[in-house]
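Notes follow the structure.
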Amino acid sequence: MGVRGVIADDEVLIRMYIREILENNGYEVAGEAEDGMDAVTLCREMKPDFIIMDINMPVMTGLEAARVINEEKLAGFIIVLTAYRDREIAEKAVNMDIMGYIVKPVDEDTLIPAIKIAQNKYKQIQEMEREFSRTKETLNDRKYVDRAKGIIMERRNMTEKEAFSYIRRLAMDKGKPMAEIAKMLLKAYGE
């Protein structure tokens with residue numbers, strides 16, 4: 001399955017034109033919405049890689065919909081379209097983690113590079129989030145090992161090095177990560 005997008009614009013001709021551009025460039029259009037509320041609903045159902053969304057739409061504006069979509073992580077990234085060159089709207093878009101901002105009329109030479117840049121930035125952000133999560137997990141694991149090491153030092157009258165070696169040896173003998181052994185020991189000691 002290719003990269004899937006959703007198009008949200010209250011003008012049917014613009015949606016058709018954007019669909020044609022996307023499909024001609026190898027993107028799959030997962031659906032179309034004519035207002036912001038429908039865009040949110042469609043993203044909940046489809047979980048697209050991206051959404052291209054007009055700012056000025058009925059029921060719920062593109063920025064209001066973008067806030068919900070980002071908060072609930074319903075789409076990978078958002079590119080907004082606007083008919084106006086408005087600095088205030090652009091500032092709001094920047095503050096909402098919008099990945100692209102295109103002033104209408106939309107054309108292929110503007111839209112496709114904007115999508116590719118946004119895709120690349122989104123991949124970088126995902127990798128940073130994964131790295132942050134791994135680092136956080138490693139740090140938490142280290143805290144468990146340190147706490148268990150302190151308790152073992154106290155209860156078994158061991159040096160820090162001996163307590164660490166004890167936990168490491170248990171982990172190797174049991175074929176479990178040191179953090180898992182440390183957590184088990186902490187529970188066993190009522191900590």
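Be aware that the sequence shown starts at 1, since it is given in full-length UniProt numbering, and climbs by one per residue. Every residue, glycine too, gets a C-beta built ideally from N, C-alpha and C.
Report the residue from Tyr27, Met172 and Ala33 whose alpha carbon sits nearest the alpha carbon of Asp10. Ala33
According to DSSP, Ala8 sits in a beta bridge with which residue or residues? Ala33 and Met53
Hey, how far is the Cα of Glu28 from the Cα of Thr138? 38 Å
Can you give the Cα-Cα distance for Pro58 and Leu42, rounded to whole angstroms? 16 Å
Decide if Tyr4 is buried, meaning its Cβ has at least 16 other Cβ atoms within 10 Å, or exposed. For clarity, residue 4 is Arg in the given sequence; the question names Tyr instead. Looking at its Cβ environment, which holds 16 or more other Cβ atoms inside 10 Å, Arg4 is buried.
Relative to the C-alpha of Ala39, which residue among Tyr189, Ala66, Glu72 and Pro105 is closest? Ala66
Assuming Val145 is part of the beta strand (DSSP E), what are its boundary residues? Unbroken run through Val145 is the alpha helix (DSSP H), Glu108 to Arg156; no beta strand (DSSP E).
Beta carbon of Leu81, beta carbon of Asp54: below 8 Å? yes
Between the beta-carbon of Val6 and the beta-carbon of Gly31, is there less than 8 Å? yes
Could you tell me the distance, in whole angstroms, from the CA atom of Val68 to the CA atom of Glu160? 50 Å
Is it true that the CB of Ile52 sits closer than 8 Å to the CB of Ile18? yes
With Leu185 as the anchor, note down where its alpha helix (DSSP H) starts and where it stops. Met178 to Ala188
Thr61 by DSSP, collapsed to three states: which one? coil
Within this structure, are the beta carbons of Met184 and Arg168 separated by less than 8 Å? no
Cross-strand partners of Phe164 (DSSP beta bridge): Per DSSP, none; premise fails for Phe164.
For Asp97 and Ala188, I'd like the C-alpha separation in whole angstroms. 45 Å
Reference Lys121; option with closest CA among Thr135, Phe77, Asn157 and Val145: Phe77
Strictly by DSSP, which residues pair up with Val80? Met53 and Tyr101
Please report how far the alpha carbon of Leu111 lies from the alpha carbon of Ile151, in whole angstroms. 60 Å
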